[in-house]
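Chemist: Quick note on numbering: the sequence shown equals residues -4 to 584 in this note's numbering.
The beta-carbon is built from N, C-alpha and C at its ideal position, and this holds for glycine as well.
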Amino acid sequence: MRVAVLLEERCKPNSNAFAYLQKYAAMCERDCIQVEDNKCKILETACPVCLTRAKHCPDNAVKIINLPEELDHDMTHCYGENGFRLFRLPSPREEQIVGILGPNGIGKSTAINILSGTIRPNLGDLDNPLPDWNDVVTSFPRGELRDYIGLLAEEGVTISVKPQYVDKLPQIFQGDVGELLDRVDERGEMEQFASLLGIGQIVSRKLGDLSGGELQRVAICATLLKEADVYFFDEPSSYLDIYERMRMVGIVQELASRGKRVLVVEHDLAILDVLCDLIHVIYGERAAYGIFTPPRSTRTAINAYLEGFLTEENVRIRDKPIQFLRARDRGEEIGMPILRWGDMEKKLGDFQLTTGEGQVRSAEVVGVVGPNSTGKTTMVRIIAGEMEPDQGWCTMDSVVSYKPQHVSTDFEGTVTDWLDSEIGPTWRSGEFRTQVIRALQVDQLLELRAKKLSGGELQAVSIAICLGREADLYLFDEPSAHLDANARMEAAKAIRRTMESNEKSAMVIDHDTYFIDIVSDSLLVFQGEGGRNGHAVGPLPLRKGMNLFLSDVGVTFRRDVESQRPRINKPSSRKDREQKASGEYFYSK
């Protein structure tokens, strides 16, 4: 099956793609390429010559894709003749948590919209955009998914959805937290769930005054307070530290134990692993098509995703596998110190940050971990020169490149123009283009307007700009935010490669354990009470640092035998108890 996908945002009037397609629109008697009313269209029955012309459209605005013939009867939904196509669906199951794993832009949100009843699937029939529900139901093979679609058609299920972008909540609701939760509380359990999620003390605050982590917990609480048969959680771990993530895991699992169907989209693979019973992998091409696989066990699905090869489908979804290093492979080429600090103190309102003595050496990547609001960003800002410590010392004769926690831009031009203005023309060729620009898929964004980038796209470009500046020390504050699982791993590898090949140093704040495990040589561990006090310990060797950090959280990790990836042990399991008794919270088999 051959499909032609046209990216409308890259084919607007006055764009290179629009001019190109307009040029060839009248060159074929069959009108294979059409431009009317400032809109472009490509017939999928186009002749070979016109398909070749369309394939060479500038800015990657047109994608010509050959899909397996067996998908002819599996199309679930299509957004127009040259639009995105979704094949198959994940299946919500009673008393189980079903996860969805895959890159951004290939259909996860579309699937949630279909399964929640927001969109009625058109089964790829563009002449009948609203097919009869009976036709939709019978298009799926007999089983749980067909039964569920039948209930959806009869409006026999109630649904609660936690949205992906919680930072938009203040724009939707102008009141305080208590008003929002009271409005959706259908079981009279607001105080109970607010206490479970640790937001009881903020119910009187306005949504616009909350941090990202607080907004996330409010959104989860609002979702849980609705009485529903099916619960959808879209990226529930964003902005949360590992303690809060594990608390969320327990609450959602208890929901499933009450007989509810739960579907989760999540990019933190360690959390997805411990949270879900089954996982559907979705693969395809961004903005073009997405294909859901049948469900697999969590271990099998995540290992296949990291390996980049789906055995049952005989499909390779990545050129190279994502690999995790053992501790003995790290730190062998670390050089002389470039940054030192000692006994620093910084008071901000009611919050007090203190540190011991520490240093960062050339060719070293220091991961920075700890609970939210314990001073991680404050210390990085001191190192970056944005603020001074009240006491203590910090010495560095090095140039710093800093990517802040919240990234945004008012730049008016394209991504190409933005890169040129920030780091000059050096990004256009050589190792940097291969190891950073292509690895982060920034090369696919070059002609887009910088102000129009999505959260994940903006994060990728910001990481590239930070790495592209000439510096000795690179500071990254939550670089995995808004990135999908694959992009997170690629970003971690890009940071490591750049530091190793250029003998530079980096400090990386993040809550994703996989990301920290891939990127770090050592750890700076923050302890304390969020919003009140924080103390920085280290940097320590990776294993020692993780043991200290995870002992505070009460979570143990083991290594997967095949992939060497960290896996969270089930709380109170035999392995969890054994590792806690031995003091080995991380790295144990």
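Apart from the five residues on each side of it in sequence, which residues of its chain come closer than 6 Å, Cβ to Cβ, to Asp324?
Modeler: Any reading at Asp324 must be qualified, since the residue scores a pLDDT of 48, below 50, and its modelled position is unreliable; the value itself is stated next. For Asp324, where only same-chain residues beyond five positions count, there are no Cβ hits under 6 Å.
Chemist: Taking contact to mean at least 3 C-beta pairs separated by less than 8 Å, is the segment 243 to 251 in contact with the segment 168 to 187?
Modeler: no
Chemist: Which value, in whole angstroms, describes the spacing of the CA atoms of Ala322 and Gly370?
Modeler: Because Ala322 sits at a pLDDT of 46, beneath the cut-off of 50, its placement in the model cannot be relied upon, and the following sentence gives the value as read from the coordinates. In a straight line, the C-alpha of Ala322 is about 27 Å away from that of Gly370.
Chemist: Are there 16 or more other CB atoms within 10 angstroms of the CB of Ala12, so buried, or fewer, so exposed?
Modeler: buried
Chemist: What three-state label does DSSP hand Glu280 in the structure shown?
Modeler: strand
Chemist: What are the complete beta strand (DSSP E) segments, minimum 3 residues, inside the segment 298 to 364?
Modeler: The qualifying runs are 332 to 343, 346 to 350, 353 to 356 and 360 to 364.
Chemist: Between which two residues does the alpha helix (DSSP H) holding Trp422 run?
Modeler: Bounds of any alpha helix (DSSP H) do not take in Trp422, whose DSSP letter is neither H nor E.
Chemist: Give me the residue from Asp162, Val132, Glu139 and Arg137 with the minimum Cα distance to Glu149.
Modeler: Val132
Chemist: If you draw a straight line from the alpha carbon of Leu258 to that of Gly245, how long is it in whole angstroms?
Modeler: 15 Å
Chemist: Consult DSSP for Val57 and reduce its assignment to one of helix, strand or coil.
Modeler: strand
Chemist: Taking DSSP as the reference, what is the three-state secondary structure of Phe135?
Modeler: Correct three-state label for Phe135: coil.
Chemist: My output table needs one value for Thr369: the three-state DSSP class, helix, strand or coil.
Modeler: coil
Chemist: Using alpha carbons as the reference points, say which of Trp422, Glu417 and Gln522 lies closest to Asp236.
Modeler: Gln522
Chemist: Name the DSSP beta bridge partners of Leu258, please?
Modeler: DSSP, once it has assigned bridges, lists Val93 and Phe227 as partnering Leu258.
Chemist: What residue from Arg141, Pro399, Phe82 and Leu147 has the CA that sits closest to Thr586's CA?
Modeler: Residue 586 lies beyond the residue range present for the chain, which begins at -4 and ends at 584; the question has no answer from this structure.
Chemist: Buried or exposed, going by whether 16 or more other CB atoms sit within 10 Å of the CB of Pro116?
Modeler: buried
Chemist: Please name the residue in Lys255, Val172 and Asp142 whose C-alpha comes closest to that of Ile92.
Modeler: Lys255
Chemist: Verify whether the separation of the beta carbon atoms of Glu261 and Pro290 is less than 8 Å.
Modeler: no
Chemist: Could you give the DSSP three-state label for Gln386: helix, strand or coil?
Modeler: Here Gln386 sits in strand by DSSP.
Chemist: Would you report the Cα separation of Arg433 and Ala576, rounded to the nearest angstrom?
Modeler: 45 Å
Chemist: For Lys18, count neighbouring C-beta atoms within 10 Å of its own C-beta (all shown protein chains included) and say buried if the count is 16 or more, exposed if not.
Modeler: Label assigned to Lys18: exposed.
Chemist: If contacts are defined as beta-carbon pairs under 8 Å, then Tyr284 and Arg80 qualify, I think. What distance do you get, rounded to the angstrom?
Modeler: 4 Å
Chemist: Where Arg538 and Arg240 are concerned, what is the direct C-alpha to C-alpha distance, given to the nearest angstrom?
Modeler: 21 Å
Chemist: Count the other C-beta atoms from every protein chain shown that fall within 10 angstroms of the C-beta of Arg423, then say buried if there are 16 or more, exposed otherwise.
Modeler: Arg423 sits exposed, since fewer than 16 C-beta atoms from the chains shown fall within 10 Å of its C-beta.
Chemist: Would you identify the three-state DSSP class for Pro165, choosing helix, strand or coil?
Modeler: helix
Chemist: In chain order, what residues of the same chain lie with their CB nearer than 6 Å to the CB of Leu264, ignoring the 5 residues before and after it?
Modeler: Ile297, Ala480 and Tyr509
Chemist: Going by DSSP, name the residue or residues bridged to Lys398.
Modeler: Phe471
Chemist: At which residues does the beta strand (DSSP E) containing Arg562 begin and terminate?
Modeler: Pro561 to Ile563
Chemist: Give me, in chain order, the residues of the same chain whose beta-carbon lies closer than 8 Å to that of Ile460; leave out the 5 immediate sequence neighbours on both sides.
Modeler: Lys398, Trp413, Leu414, Glu417 and Ile418
Chemist: For Met502, list the residues DSSP reports as bridge partners.
Modeler: Val361 and Leu470
Chemist: Kindly indicate the opening and closing residues of the beta strand (DSSP E) around Pro28.
Modeler: Per the sequence shown, residue 28 should be read as Ile rather than Pro. Here the beta strand (DSSP E) through Ile28 covers Ile28 to Glu31.
Chemist: Evaluate Met586 with the Cβ neighbour count: other Cβ atoms within 10 Å of its Cβ, from every protein chain shown; 16 or more gives buried, anything less gives exposed.
Modeler: Given that the chain is displayed from residue -4 to residue 584, the structure contains no residue 586 and the question cannot be resolved.
Chemist: Can you tell me which residues form a DSSP beta bridge with Val156?
Modeler: Phe227
Chemist: May I have the straight-line CA-CA distance separating Arg376 from Val456, to the nearest angstrom?
Modeler: 21 Å
Chemist: Would you report the Cα separation of Ile317 and Phe406, rounded to the nearest angstrom?
Modeler: So the alpha carbons of these two residues sit roughly 34 Å apart.
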